[in-house]
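These notes are about the structure you will find just below.
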Amino acid sequence: MAYPPPPGMGMMPMGGPHPMAAAGHHHQGVGSLGIPHKFQRKPKLTLRDMRDDYCEFELKNTDTSVANALRRTMIGEVPTIAIDLVDVEVNTSVLNDEFIAHRMGLIPLKSDFAVKMQTVYEAASGSNENNENYSAQSPTELTFKLHKRCESSQTAGIDVTSNDIEWDQAADGLDPNEVDVKPTTLAKLDESGNPEKGILIVKLRPGQEVKLTCIARKGIGKDHAKWSPVATAVFTFVPDIRIDQALMDTLTEDQRRAWIASCPTQVFELDPTTRRVIVKDPEAYTYDGECIKKAAEMGVPGLVEITPRSDDFVFRVETTGALPPATVVVWALETIEEKLKGTQEDIKKLIM
-13 MAYPPPPGMG MMPMGGPHPM AAAGHHHQGV GSLGIPHKFQ RKPKLTLRDM RDDYCEFELK
47 NTDTSVANAL RRTMIGEVPT IAIDLVDVEV NTSVLNDEFI AHRMGLIPLK SDFAVKMQTV
107 YEAASGSNEN NENYSAQSPT ELTFKLHKRC ESSQTAGIDV TSNDIEWDQA ADGLDPNEVD
167 VKPTTLAKLD ESGNPEKGIL IVKLRPGQEV KLTCIARKGI GKDHAKWSPV ATAVFTFVPD
227 IRIDQALMDT LTEDQRRAWI ASCPTQVFEL DPTTRRVIVK DPEAYTYDGE CIKKAAEMGV
287 PGLVEITPRS DDFVFRVETT GALPPATVVV WALETIEEKL KGTQEDIKKL IM
């Protein structure tokens, strides 16, 4: 399974032949498993916003089940690397060993090397022996070290952050030119607006010391939340808003303005030319129902009809910093595709 680079801005087609119609040739207009082509959807993904740790896109021409499958896969089945074991050699800080070990596990490790690694159970079962991304030398673990001591001269104390975690390349025997893995520095900006401060682990006072050896492993969010690549992954239904202009024409301009003002998110506006109420921003609607209640109070129920579209969704994905958001989306789509291929093969075995 190949992993393409993150896509650029624009349209990313998700169509093509239906998985069920991938093999064999049957009657014209019918897939290999008897599904008419006219019922096969052609989903499209439109990228709206892309940043280092956030993306927004619109997914159209598909079903709610597909949208929810994509959301769940991004949260729970996209692999990342996270610290799984911590050997505490020295810890004289105010935090106990378990507290620090827990914090270490929750620090995102920024790398796409997870696709080249194997989980412990994958290596034991040999389930990846036919996968082109893996070899007999595919590692199951990476080693990290952290050693900080606050000297007596540092009277103000020091902060131990994610920037102090170092990958022990010699212990793993991997080429640093081919493998890039490091703790993310995504943290709350300090007073100077510096985002590179790192994630705080513990504060040390003079004479205190921490020395750790950490084992990082590949995993997915279904195993533990520390392996989930996203902080939030949500989608909303794009509303279908229809105004009954015949009823609207029975209202005075003051009544129209009052009705527009009843919507707290400014979905509607008064057209300066026609003086008619138009939909300004349908996606701003939060399904609060205030404009519907206001219409009923004004004696014109049915003035507006608002229903969520069942084939149009807006996704907002914020990552932890372990992977770029575009990579999370692409890997999630490929994971779903692999699952559908497996389901297709199982169905073929049943009907053959």
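Per this note's numbering, residue -13 is the first one in the sequence shown, and the count goes up by one each step. Quick reminder that beta carbons are idealized off the backbone N, C-alpha and C, glycines included. Since the model is a prediction, treat every value here as computed from it, not as a measurement.
Pairing Leu45 with Phe223 gives a Cβ-Cβ distance that is not under 8 Å.
Beta-bridge analysis with DSSP links Met36 to Cys41. Within the same chain, Cβ atoms closer than 7 Å to the Cβ of Gln140 are found at Pro192, the five residues on either side in sequence being excluded. Distance between Pro225 and Val265, taken at the CA atoms: about 11 Å.
Asn77 sits away from Asp70, with the two beta carbons spaced by 8 Å or more.
The three-state reading of DSSP puts Gly112 in coil, since its state is none of H, G, I, E or B. Taking a contact to require three or more Cβ pairs closer than 8 Å, the stretch 87 to 102 and the stretch 229 to 237 do not qualify as touching. Assignment of Ala318 by DSSP, reduced to helix, strand and coil, places it in the helix class. Taken atom to atom, the span from the alpha-carbon of Ala244 to that of Tyr273 is near 19 Å. When rounded, the separation of the alpha-carbon atoms in Gln241 and Glu269 is 24 Å.
Of the residues assessed, Met338 falls on the exposed side of the cut-off, its CB having fewer than 16 other CB atoms within 10 angstroms. Following the DSSP letters along the chain, one finds Ile151 in no beta strand (DSSP E), marked with neither H nor E. When rounded, the separation of the alpha-carbon atoms in Leu256 and Asp298 is 26 Å.
Distance from the CA of Asn149 to the CA of Val314, rounded to the nearest whole angstrom, comes to 24 Å.
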